[in-house]
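Student: Taken in sequence, the protein lines are chains G and X.
So that you can map any letter, position 122 of the first sequence is 124 in our numbering, and since no number is skipped, the others follow by simple counting.
So that you can map any letter, position 176 of the second sequence is 178 in our numbering, and since no number is skipped, the others follow by simple counting.
By construction, the Cβ of each residue, glycine as well, lies at the ideal position given by its N, Cα and C atoms.
Dropping the structure in here first, questions after.
Protein chains: 2
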Amino acid sequence: MAPRTRNNPLALAVLALLWERPMHPYEMSMTLRERRKDESVRLNFGSLYSVVDSLVKHGLIEAASTEREGNRPTRTIYRLTDAGATEAVDWLSDLLRTPVKEFPQFEAALSFLPLLGPDDVARLLRMRVSALQVSITTLDAAREQARAQGLPSIFVLEADYDSALLHAELDFVVGLEASITDGTLEGVGLWRELHTRAAGGRLEPEEIAEALAPYFTTEGAPPTA
Amino acid sequence: MAPRTRNNPLALAVLALLWERPMHPYEMSMTLRERRKDESVRLNFGSLYSVVDSLVKHGLIEAASTEREGNRPTRTIYRLTDAGATEAVDWLSDLLRTPVKEFPQFEAALSFLPLLGPDDVARLLRMRVSALQVSITTLDAAREQARAQGLPSIFVLEADYDSALLHAELDFVVGLEASITDGTLEGVGLWRELHTRAAGGRLEPEEIAEALAPYFTTEGAPPTA
DNA sequence: TCCCGAATGCTCGAACCAGAGTATATCTCG
DNA sequence: CGAGATATACTCTGGTTCGAGCATTCGGGA
Numbered sequence: 003m004a005p006r007t008r009n010n011p012l013a014l015a016v017l018a019l020l021w022e023r024p025m026h027p028y029e030m031s032m033t034l035r036e037r038r039k040d041e042s043v044r045l046n047f048g049s050l051y052s053v054v055d056s057l058v059k060h061g062l063i064e065a066a067s068t069e070r071e072g073n074r075p076t077r078t079i080y081r082l083t084d085a086g087a088t089e090a091v092d093w094l095s096d097l098l099r100t101p102v103k104e105f106p107q108f109e110a111a112l113s114f115l116p117l118l119g120p121d122d123v124a125r126l127l128r129m130r131v132s133a134l135q136v137s138i139t140t141l142d143a144a145r146e147q148a149r150a151q152g153l154p155s156i157f158v159l160e161a162d163y164d165s166a167l168l169h170a171e172l173d174f175v176v177g178l179e180a181s182i183t184d185g186t187l188e189g190v191g192l193w194r195e196l197h198t199r200a201a202g203g204r205l206e207p208e209e210i211a212e213a214l215a216p217y218f219t220t221e222g223a224p225p226t227a
Numbered sequence: 003m004a005p006r007t008r009n010n011p012l013a014l015a016v017l018a019l020l021w022e023r024p025m026h027p028y029e030m031s032m033t034l035r036e037r038r039k040d041e042s043v044r045l046n047f048g049s050l051y052s053v054v055d056s057l058v059k060h061g062l063i064e065a066a067s068t069e070r071e072g073n074r075p076t077r078t079i080y081r082l083t084d085a086g087a088t089e090a091v092d093w094l095s096d097l098l099r100t101p102v103k104e105f106p107q108f109e110a111a112l113s114f115l116p117l118l119g120p121d122d123v124a125r126l127l128r129m130r131v132s133a134l135q136v137s138i139t140t141l142d143a144a145r146e147q148a149r150a151q152g153l154p155s156i157f158v159l160e161a162d163y164d165s166a167l168l169h170a171e172l173d174f175v176v177g178l179e180a181s182i183t184d185g186t187l188e189g190v191g192l193w194r195e196l197h198t199r200a201a202g203g204r205l206e207p208e209e210i211a212e213a214l215a216p217y218f219t220t221e222g223a224p225p226t227a
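Rendered as structure tokens:
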């Protein structure tokens, strides 16, 4: 048995759903939608079916029956195996216990900020602030509605977490935009100078390289391993 | 020309590096390491070479020359094209302007928390708190060192962002653990009851299903599209 | 009655990604 | 001065992921 890789959390979602009752894949996807879990787990059809196949191959779930209703395509109904139940608990425990490094796209963008000029960046960040505010409002409304329906908080913790992250990002972006605009961000002078010298056209490559050189060319060893 | 998909931020990193000067792939990876950008962009060799190929195919970069030094494998040196420069600026602008939905694994784990019992979850969360504190300390030390070397903040914004997210997560987890432990989390009574009834063995599937039923079986329409 | 569109349920291929593997060269240290 | 460790520079392979596409059924309106 090939050593399973725990990369796609959709597989965990499948295990969790089958914990409740046997289902066919399409029903899994509909149930995840209904419970808004598709906001926390990337769900698409192709992945769902391959994830299910892989779980079968590793003995974590098994086909319980196949049925056809009317003249629709036949559906295969899967159930959890004992190994699958164990794996669900182990995997979930690991995810809770140990933070895994994520690579948000915005973080990547921040890494390459100096490509753009400070004024452009400030303008884009203001647009991001608006978008984040809209997201927060929408999310809060959804949480409010869930609460109004009497759904206990334990079942919507993921939305609370999402909200916490959104607020943190909003604060960060607001602060960053302000410090660029009022010039208090350390290094913004150098940055602006580079881009005004290149005004009108594309920034000369060498300029960035030269600006960075003093900080990177000489030293090479990691600070702490 | 096939419509390029902007999924792997490593491609943006390649464009950003070639903006400074022509390089061969291995040098790109070393430069990213040196500047600690591999903390913000997922970097591995296989992906790097395929990303470079794909950029060539789409005319965003091109081979400038190939050389061999001593008897080492030949290296192909790439340079940015005009189209590539445009794409870098457009892509970066998009990333800054528009938040994209991410799917952190911890959020997925929170979605399926009720699989475990409240006491187990609380214990695991306490371990997560420790791990997060270590991460924060390590990151702060690295930032401090960068500052001490005189590297202006603009070049390490990504670490500030990371730090902001880590703090937000830490606060969230601390609060969650406390509210589970002291019983103030809404629904924790129901949750605990379910798991003590199943004490000793595996939770009976039907129990979860029944507990969830009142909240999900009747309504189906999204709150807001 | 018949057609349109939505819902149901899955299949397929192409792209993408991870990371182990390969092969040489140079450095290190007794 | 030779053995192993480290650095250089990729290549290969097999799995994963995406999302469009397909085939069917059902409901509702003209």
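Sort out for me which residues DSSP pairs R44/G with in a bridge.
Tutor: In the first sequence, residue 44/G corresponds to position 42, counting from 1. Its beta-bridge partners do not exist; DSSP assigns none.
Student: Contact criterion: CB-CB distance below 8 angstroms. Does G189/G meet it with respect to chain X?
Tutor: Residue 189/G sits at position 187 when you count from the first residue of the first sequence. Yes, because at least one Cβ of chain X sits closer than 8 angstroms to the Cβ of G189/G.
Student: Does the structure place the stretch 165 to 184 of chain X close enough to the stretch 127 to 140 of chain X that three or more beta carbon pairs sit under 8 angstroms?
Tutor: In short, these stretches touch, since the Cβ pair count reaches three.
Student: State yes or no: is the C-beta of H26/G within less than 8 angstroms of the C-beta of R77/G?
Tutor: Position 24 of the first sequence, counted from the start, is the residue given in the question as residue 26/G. Position 75 of the first sequence, counted from the start, is the residue given in the question as residue 77/G. Result yes, Cβ atoms of H26/G and R77/G sit closer than 8 angstroms.
Student: How long is the line joining the alpha carbons of P24/G and A170/G, rounded to whole angstroms?
Tutor: What you label residue 24/G is simply residue 22 of the first sequence in a count that begins at 1. What you label residue 170/G is simply residue 168 of the first sequence in a count that begins at 1. So the alpha carbons of these two residues sit roughly 39 angstroms apart.
Student: Identify whether E64/G lies in helix, strand or coil by the three-state DSSP scheme.
Tutor: One-based indexing of the first sequence puts residue 64/G at position 62. Strand at E64/G.
Student: Short check: CB of L117/G to CB of A15/X, under 8 angstroms?
Tutor: As a position in the first sequence, residue 117/G is number 115, starting the count at 1. As a position in the second sequence, residue 15/X is number 13, starting the count at 1. No. Outside cutoff.
Student: R77/G by DSSP, collapsed to three states: which one?
Tutor: By one-based count along the first sequence, residue 77/G stands at place 75. Correct three-state label for R77/G: strand.
Student: Would A166/G pass as an interface residue toward chain X - the criterion being a Cβ-Cβ separation below 8 angstroms?
Tutor: On the first sequence, residue 166/G is found 164 positions in, with the first residue counted as 1. Chain X, which has a Cβ nearer than 8 angstroms to the Cβ of A166/G, makes this yes.
Student: Give me the Cβ distance between E109/X and D164/G, rounded to the nearest whole Å; I'm assuming they're in contact under 8 angstroms.
Tutor: In the second sequence, residue 109/X corresponds to position 107, counting from 1. In the first sequence, residue 164/G corresponds to position 162, counting from 1. That belief holds up - the Cβ atoms of E109/X and D164/G are roughly 6 angstroms apart, short of 8 angstroms.
Student: So what does DSSP say about L126/X, is it helix, strand or coil?
Tutor: What you label residue 126/X is simply residue 124 of the second sequence in a count that begins at 1. Residue state, collapsed to three classes: helix.
Student: Of all the CB atoms in chain G, is at least one closer than 8 angstroms to the CB of P225/X?
Tutor: Here residue 225/X refers to the residue found at position 223 of the second sequence. The predicted position of P225/X is uncertain, since its pLDDT is 28 and thus under 50; a value taken from the coordinates is nonetheless stated next. So, interface residue.
Student: By a C-beta neighbour count over all protein chains shown, 10 Å radius and 16 as the cutoff for buried, is E146/X buried or exposed?
Tutor: Position 144 of the second sequence, counted from the start, is the residue given in the question as residue 146/X. Answer is exposed; the Cβ neighbour count stays below 16.
Student: Pick from A65/G, V43/G, E89/G and Y51/G: whose alpha carbon is nearest that of T7/G?
Tutor: Looking up residue 7/G in the first sequence gives position 5. When each option's Cα is compared against that of T7/G, the closest is E89/G.
Student: Which chain X residues are close to V43/G, counting only those with a beta carbon under 7 angstroms from its beta carbon?
Tutor: Looking up residue 43/G in the first sequence gives position 41. Those are F105, A110 and S113, listed as they occur along chain X.
Student: With DSSP as the reference, label L118/X as helix, strand or coil.
Tutor: The residue given as residue 118/X occupies position 116 in the second sequence. If DSSP states are grouped into helix, strand and coil, L118/X belongs with coil.
Student: For the alpha helix (DSSP H) holding D164/X, just list the boundary residues, first then last.
Tutor: Walking along the second sequence from the start, residue 164/X turns up at place 162. It spans L159 to T183 - the alpha helix (DSSP H) in which D164/X sits, taken as one unbroken run.
Student: When we look at the beta-carbon of K103/G and count the other beta-carbons within 10 Å, is it buried (16 or more) or exposed?
Tutor: Along the first sequence, read from residue 1 onward, the residue named residue 103/G stands at position 101. Answer is exposed; the Cβ neighbour count stays below 16.
Student: State the start and end residues of the unbroken alpha helix (DSSP H) segment that holds H197/X.
Tutor: The sequence position of residue 197/X within the second sequence is 195, counting from 1. Run containing H197/X: V190 to R199, per the alpha helix (DSSP H) assignment.
Student: Is the CB of F218/G under 8 angstroms away from at least one CB in chain X?
Tutor: What you label residue 218/G is simply residue 216 of the first sequence in a count that begins at 1. Note that F218/G scores 46 on pLDDT, short of 50, meaning its location in the model is unreliable; the coordinates nonetheless yield the value given after this. By this cut-off, F218/G is an interface position.
Student: For E160/X, go through chain G and note every residue whose CB falls closer than 7 angstroms to its CB, in chain order.
Tutor: Position 158 of the second sequence, counting from 1, holds the residue named residue 160/X. Simply E109, L112 and S113.
Student: Using beta carbons (cut-off 8 angstroms, strictly below), is P27/G in contact with chain X?
Tutor: In the first sequence, the residue the question calls residue 27/G occupies position 25. It does not; no Cβ of chain X falls within 8 angstroms.
Student: Under 8 angstroms, do V43/G and L50/G count as touching if we go by C-beta distance?
Tutor: Residue numbering aside, residue 43/G sits at position 41 when the first sequence is read from its first letter. Residue numbering aside, residue 50/G sits at position 48 when the first sequence is read from its first letter. The answer is no: Cβ separation not under 8 angstroms.
Student: Would you decide whether A111/G is buried or exposed? Buried here means 16 or more other CB atoms lie within 10 Å of its CB.
Tutor: Here the question's residue 111/G lines up with position 109 in the first sequence. Buried, since its Cβ has 16 or more Cβ neighbours within 10 Å.
Student: With distance defined between alpha-carbon atoms, name the residue in L126/G, L153/G, E160/G and L97/G nearest to L141/G.
Tutor: Indexing the first sequence from 1 puts residue 141/G at position 139. It is E160/G.
Student: Starting from L187/G, trace the alpha helix (DSSP H) both ways and give me its first and last residue.
Tutor: Looking up residue 187/G in the first sequence gives position 185. Per DSSP, L187/G belongs to no alpha helix (DSSP H) and is neither H nor E.
Student: Tell me the DSSP bridge mates of M25/G?
Tutor: Counted from its first residue, the first sequence places residue 25/G at position 23. DSSP, once it has assigned bridges, lists Y80/G as partnering M25/G.
Student: Can you list, in chain order, the residues of its chain whose CB lies under 8 angstroms from that of L187/X, leaving out five sequence neighbours each side?
Tutor: Residue numbering aside, residue 187/X sits at position 185 when the second sequence is read from its first letter. Same-chain partners within the cutoff: L178 and S181.
Student: Cα-Cα, which of G119/X, L94/X, P106/X and R125/X is closest to D122/G?
Tutor: Counting from 1 along the first sequence, the entry for residue 122/G is found at position 120. Of the listed residues, the one whose Cα sits closest to D122/G is L94/X.
Student: Just checking: is the beta-carbon of T139/G within a distance shorter than 8 angstroms of some beta-carbon in chain X?
Tutor: Residue numbering aside, residue 139/G sits at position 137 when the first sequence is read from its first letter. So no, T139/G is outside the interface.
Student: Verify the CB distance criterion: does V91/X have a CB-CB separation below 8 angstroms to chain G?
Tutor: Position 89 of the second sequence, counted from the first residue, corresponds to residue 91/X. So yes, V91/X belongs to the interface.
Student: Assuming G48/G contacts A85/G under a Cβ cut-off of 8 angstroms, what Cβ separation, rounded to an integer in Å, is found between them?
Tutor: Residue mapping note: residue 48/G aligns to position 46 of the first sequence, counting from 1. Residue mapping note: residue 85/G aligns to position 83 of the first sequence, counting from 1. About 25 angstroms; that fails the 8 angstroms criterion.
Student: Whole-angstrom Cβ separation of R99/X and L126/G, contact assumed at under 8 angstroms?
Tutor: As a first step, residue 99/X must be located in the second sequence, where it is residue number 97. As a first step, residue 126/G must be located in the first sequence, where it is residue number 124. Confirmed, about 5 angstroms.
Student: Kindly say whether M129/X, judged by its beta-carbon, lies nearer than 8 angstroms to any beta-carbon of chain G.
Tutor: On the second sequence, residue 129/X is found 127 positions in, with the first residue counted as 1. Closer than 8 angstroms to some Cβ of chain G, the Cβ of M129/X qualifies, so yes.
Student: Ordered along the chain, which non-local residues of its own chain (more than five positions away) have a Cβ less than 6 angstroms from that of T226/G?
Tutor: Stepping through the first sequence from its first residue, residue 226/G is reached at position 224. Residue confidence is low: T226/G scores 28 on pLDDT, short of 50, so the model does not pin down where it sits. No coordinate-derived value is stated.
Student: Using a Cβ-Cβ distance under 8 angstroms, would V16/G count as near chain X?
Tutor: Here residue 16/G corresponds to residue number 14 of the first sequence, with the count starting at 1. Not one chain X Cβ lies under 8 angstroms of V16/G.
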